Structures are given as C-alpha cells and as structure tokens.
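**Q** Under numbering that gives the first Met the number 0, the sequence shown has 271 at position 272, and the numbering climbs by one with no breaks. Ideal Cβ positions, reconstructed from N, Cα and C, are used throughout, including at glycine. Just so we're clear, the structure is a prediction, and the values are computed from it rather than from any experiment. Handing you this structure, nothing more for now.
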Amino acid sequence: MEMGFSRLLFFFYPAFIQLVFAMAQPNSLYYGCGISGNFTTNSTYQSNLDRTLTSISSDTKINYGFYNDSSGQNTNKVNAIALCRGDKKPDICRSCIKNSSQGLRNLCPSQKEAIGWSDDCMLRYSNRSIFGKMEFNPQLILYNVNNVSEVTQFNQVLNPLLASLTSRAASGDSLRKFATGNATTKNNQTIYALAQCTPDLSKEQCSGCLINATGLIPQCCAGKQGARVLTPSCNFRYEIELFYDSVGEAMPPSPTPLPVPPPSPTPLPVPPPSPTPLPVPPPSPPAAPTPQTPTGKSTTGKASNRAAGAFIASVFLVLFW
Ligand SMILES: *[C@@H]1O[C@H](CO)[C@@H](O)[C@H](O)[C@H]1NC(C)=O
Ligand SMILES: *[C@@H]1O[C@H](CO)[C@@H](O)[C@H](O)[C@H]1NC(C)=O
Ligand SMILES: *[C@@H]1O[C@H](CO)[C@@H](O)[C@H](O)[C@H]1NC(C)=O
Ligand SMILES: *[C@@H]1O[C@H](CO)[C@@H](O)[C@H](O)[C@H]1NC(C)=O
Ligand SMILES: *[C@@H]1O[C@H](CO)[C@@H](O)[C@H](O)[C@H]1NC(C)=O
Ligand SMILES: *[C@@H]1O[C@H](CO)[C@@H](O)[C@H](O)[C@H]1NC(C)=O
Ligand SMILES: *[C@@H]1O[C@H](CO)[C@@H](O)[C@H](O)[C@H]1NC(C)=O
Ligand SMILES: *[C@@H]1O[C@H](CO)[C@@H](O)[C@H](O)[C@H]1NC(C)=O
Ligand SMILES: *[C@@H]1O[C@H](CO)[C@@H](O)[C@H](O)[C@H]1NC(C)=O
C-alpha cells in the first residue's frame with residue numbers, strides 16, 4: 000500500500016490455479032512469487048538481487064525500455080529483465096521499474112524468482128537464465144467485463160488488427176519489438192491495440208508468443224470491450240478507447256545497439272486519458288463469482304460490472320508455472 004500498489008497476490012503453486020478478482024487500478028502491481036526456492040536473509044543471493052534491481056532501476060543510459068542485468072556467479076547468480084510499454088518515456092519507465100522492484104522485494108521477500116506487471120512495465124528476476132528465452136507462463140489476463148454490441152463485426156476487425164500488430168512487433172529489432180494500431184468496425188467502433196515482446200526474443204519466438212497469447216481471446220475475453228494478456232515474454236492489449244501514446248511508436252529505435260544516447264530530459268506531453276480515471280471500489284470477494292473452467296488450465300470469474308467507458312472492470316485469469 001505504501002507504494003500505491005494494490006496488493007494483489009498470486010502465489011505460484013504447481014498445477015494449481017488460484018483465482019484473483021480485482022479491478023485493474025492504475026499503478027496496480029500484479030505479481031507472482033516463484034516457488035522454485037527461497038534465499039535466506041543477508042545471503043549472497045539477496046545482496047546480488049538487491050544490487051541487480053538497483054542497477055536495473057537506476058540505468059539512465061537505456062532509452063528503449065528494455066533492461067537486462069545480472070549479478071553474482073553460479074548458484075548465487077541473479078538475472079533480471081525489465082520491459083516497459085513501448086510508448087513510455089524513459090523517466091516514466093524507470094520510475095515504474097523502481098516501484099516494481101520495491102514492490103516485488105516486499106511482496107516476495109525471500110523467493111528467488113518473481114514477476115510483476117503494472118500498466119507501464121514488467122519486471123522479473125530469477126536465478127535461472129532468462130535472457131533470450133521464450134516463456135509463456137505465468138500469465139495474467141485482464142478484461143473489461145462490458146460486452147461489445149456486435150461480436151462478429153468486432154472480431155472481424157479485432158483479429159486482423161492483432162495479427163498485423165503481431166507481425167509488426169515481431170519484425171522489430173533487438174531493442175524494440177512493439178507495435179500499436181487501430182481499426183474501425185462497420186458500425187464505427189474504433190479498436191485500439193498494442194502488441195509487444197521482450198526484444199531479446201527472435202522474430203519467430205515473438206510471433207509464436209503473441210499468436211498463442213491472442214489465441215487465448217476466445218477462452219478468456221470473447222466479445223469484451225477490452226482485454227490484456229500478459230506473459231513474461233510478450234503481451235498485447237486492446238480497448239475501444241485510445242490508451243497508448245500514439246507518438247510513442249514513432250520514436251525511432253536507436254540505430255546502434257550499444258552506445259545509446261542519454262534519455263531525453265524534456266518533460267512528457269500529457270499522455271492520453273487513462274481509461275481508469277474513476278476511483279474504483281475494492282475488489283469483490285473472491286468467493287462470490289462462480290468460476291468456470293474453459294480449459295483444464297484456466298479459470299475465469301466476473302469481478303465487477305459497471306457502465307461502460309469510465310474504467311476497466313477486470314477479471315483475472317492467471318495460469319501458473
Ligand atoms: C535456482 O534455485 C533453485 C532453488 O534453490 C535450485 O533448485 C536451482 O537449481 C537453481 N537454479 C540455478 C540455475 O541455479
Ligand atoms: C519460501 O518462503 C515462502 C514465504 O516467504 C514460503 O511460503 C515457502 O514455503 C518457502 N518455500 C520453500 C521452498 O521453502
Ligand atoms: C541482516 O543484516 C542486517 C544488517 O547488517 C542486520 O541488522 C540483521 O540482523 C541481519 N539479519 C539476519 C537474519 O542475519
Ligand atoms: C544482457 O544479456 C546479454 C545476453 O546474455 C548479455 O550479453 C548482456 O551483457 C546482458 N546485459 C547485462 C547488462 O547484463
Ligand atoms: C510509483 O509509486 C509512486 C508512489 O506510490 C507513485 O506516485 C508513482 O505514480 C508510481 N510510479 C509509477 C510509474 O507507477
Ligand atoms: C457480457 O456477456 C456475458 C455472456 O453473454 C454475460 O454473462 C455478461 O453479463 C455480459 N456483461 C455485461 C456487462 O453485460
Ligand atoms: C489510427 O490508424 C490510422 C491509420 O492506420 C493512423 O493514421 C492513426 O494515426 C491511428 N491513430 C492512432 C491514435 O493510433
Ligand atoms: C464515427 O465515429 C466518429 C467518432 O466517434 C464520429 O466523429 C463520426 O461522425 C462517426 N461516423 C459515422 C459514420 O457515424
Ligand atoms: C503455442 O501453442 C502451441 C500449441 O499449444 C505450442 O505447441 C507452442 O509451443 C506454443 N508456442 C509458444 C511460443 O508458446
């Protein structure tokens with residue numbers, strides 16, 4: 000709470016699905032603590048972890064939103080990756096990573112592995128090597144409980160839009176794999192979407208990850224006005240409102256992979272309105288909704304239901320490691 004994070008919690012249990020019902024609030028940190036093992040207080044692992052997170056969240060040289068770092072050796076080696084949403088400026092990105100680092104260290108105090116997603120960034124760390132590996136689990140899925148009026152027309156526009164963003168994101172370079180776009184349905188409904196991979200992935204890994212992620216829509220989010228699927232390696236989001244900074248993608252990626260210019264010191268233009276401006280009520284109790292099980296591996300439930308537009312009422316579905 001002290002960091003403005005809502006303390007949504009998913010523990011990771013093997014072959015066990017835990018439901019979390021909550022509203023998608025701005026600056027929420029959705030997180031999971033790994034189950035592979037714990038470190039002890041004041042251990043070398045802990046100091047390596049703290050050093051890595053400090054380093055990754057204070058890097059001012061990188062301006063393309065992807066960070067990887069590691070400290071230590073052998074069994075005490077800590078690897079970390081952070082990915083900011085591709086339209087976020089470096090100062091917002093850094094602040095998000097910093098918040099997530101503090102949040103994860105508090106929320107997963109002794110776990111060797113953890114992952115956290117928030118609106119602007121994803122942060123993960125592990126004692127395993129994670130750079131260049133495609134990982135599809137765990138997943139966080141958020142959707143707007145409001146339905147679109149014409150599902151067929153909507154999907155006829157949404158599916159090709161996401162397919163096109165998948166291929167554009169996958170074609171990105173080793174600094175940036177990010178694409179945004181919009182398309183309008185026959186009944187004049189504009190859909191805005193983004194797709195992103197960690198840029199350490201190959202083109203094939205990226206498109207495979209996004210194809211599988213968008214392939215979850217029928218199970219999780221069919222006919223919904225907005226949805227996000229977040230995995231360690233890729234994520235996408237669509238909404239019927241503009242939620243990204245559409246100039247963000249136009250920022251040319253730095254042509255040279257290594258020496259990067261310092262982040263721009265200019266203040267940001269005000270980002271487009273967040274679709275979540277209203278204060279939202281606390282999450283409904285997890286017991287109320289009846290979970291359905293669309294596949295053996297996932298479960299969904301309804302969190303809340305409100306008039307359209309003002310905020311994203313969401314439901315989570317988390318698939319575990
Ligand atoms: C990571 O830590 C777990 C638990 O301590 C251990 O079983 C595993 O072998 C470690 N992995 C590596 C790559 O060190
Ligand atoms: C790791 O610590 C958490 C709580 O901090 C505990 O619930 C869990 O059982 C521990 N895991 C192992 C493998 O000791
Ligand atoms: C860890 O180190 C801090 C600072 O040196 C010390 O205050 C604390 O008692 C230590 N904790 C344990 C469990 O050793
Ligand atoms: C990021 O990962 C790559 C590949 O493992 C490595 O070459 C590079 O040194 C890493 N960067 C940092 C800062 O650890
Ligand atoms: C980080 O946390 C502070 C304090 O809660 C908050 O004001 C700020 O908006 C957060 N930044 C990001 C990028 O989430
Ligand atoms: C959306 O549609 C589903 C399935 O038809 C229904 O259960 C749900 O109540 C609808 N949600 C809203 C906000 O109307
Ligand atoms: C919507 O798409 C059109 C055509 O692709 C593009 O010119 C426009 O900038 C996009 N608008 C936003 C907000 O992304
Ligand atoms: C479509 O929607 C836009 C923005 O909501 C509006 O300006 C435009 O007039 C609409 N066009 C039609 C044909 O309804
Ligand atoms: C995508 O799903 C297919 C079928 O379930 C699976 O074989 C493949 O490994 C998955 N690919 C990725 C990148 O997750």
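#1: Quick one: is residue 183 buried, meaning 16 or more other Cβ sit within 10 Å of its Cβ, or exposed?
#2: For ligand 2, enumerate in chain order all residues having a CB closer than 7 Å to any of its heavy atoms.
#3: Going by other Cβ atoms of all chains shown within 10 Å of its Cβ, with 16 needed for buried, is residue 159 buried or exposed?
#4: Kindly indicate which residue of 227, 187 and 241 has the alpha-carbon position closest to the one of residue 194.
#5: What are the partner residues of residue 67, as DSSP defines its beta bridges?
#6: Return the chain-ordered list of same chain residues with a C-beta closer than 7 Å to the C-beta of residue 99, the five sequence neighbours on each side being excluded.
#7: So, is residue 147 buried or exposed, given that buried needs 16 or more other C-beta atoms within 10 angstroms?
#8: Could I get the ranges of all uninterrupted beta strand (DSSP E) runs contained in the segment 83 to 159, with 3 residues as the minimum, in chain order?
#9: Check for me: the beta strand (DSSP E) holding residue 44 runs from which residue to which?
#10: Within the continuous alpha helix (DSSP H) that includes residue 220, where are the two ends?
#11: Return the residue from the list 211, 229 and 236 that minimises the CA-CA distance to residue 223.
#12: Give every residue whose Cβ lies closer than 5 Å to any heavy atom of ligand 7, listed in chain order.
#13: Between which two residues does the alpha helix (DSSP H) holding residue 209 run?
#14: Considering residue 238, what are the terminal residues of the beta strand (DSSP E) in which it resides?
#15: Quick one: does the C-beta of residue 98 sit closer than 7 Å to a heavy atom of ligand 8?
**A** A quick look at the data gives this:
#1: Against the sequence shown, residue 183 aligns to sequence position 184. Exposed, by the Cβ-count rule.
#2: 34, 36, 37, 108, 109 and 110
#3: Your numbering for residue 159 matches position 160 in the sequence shown. So residue 159 counts as exposed.
#4: The sequence position of residue 194 within the sequence shown is 195, counting from 1. If we check each option's Cα against that of residue 194, 227 comes out closest.
#5: The residue labelled residue 67 in the question sits at position 68 within the sequence shown. Looking at the DSSP assignment, residue 67 forms a beta bridge with 80.
#6: The residue given as residue 99 occupies position 100 in the sequence shown. Around residue 99: 28, 115, 117, 120 and 122.
#7: As a first step, residue 147 is located in the sequence shown; it is residue number 148 there, counting from the start. With 16 or more Cβ atoms within 10 Å of its Cβ, residue 147 is classed as buried.
#8: 113 to 116, 120 to 125 and 138 to 142
#9: Taking the first residue of the sequence shown as 1, we reach residue 44 at position 45. Taken as a continuous stretch (DSSP letters only), residue 44 belongs to no beta strand (DSSP E), being part of the alpha helix (DSSP H) at 43 to 56.
#10: Sequence index remark: in the sequence shown, residue 220 carries index 221 (1-based). No alpha helix (DSSP H) contains residue 220, which DSSP labels as neither H nor E.
#11: Position 224 of the sequence shown holds residue 223. Per the Cα distances, 236.
#12: 181 and 245
#13: As a first step, residue 209 is located in the sequence shown; it is residue number 210 there, counting from the start. Counting along the chain, the alpha helix (DSSP H) containing residue 209 begins and ends at 202 to 213.
#14: Reading the sequence shown from its first residue, position 239 is the one you call residue 238. Note, residue 238: beta strand (DSSP E), 233 to 238.
#15: Start at 1 with the first residue of the sequence shown, and residue 98 comes out as number 99. Residue 98: no, Cβ never under 7 Å from ligand 8.
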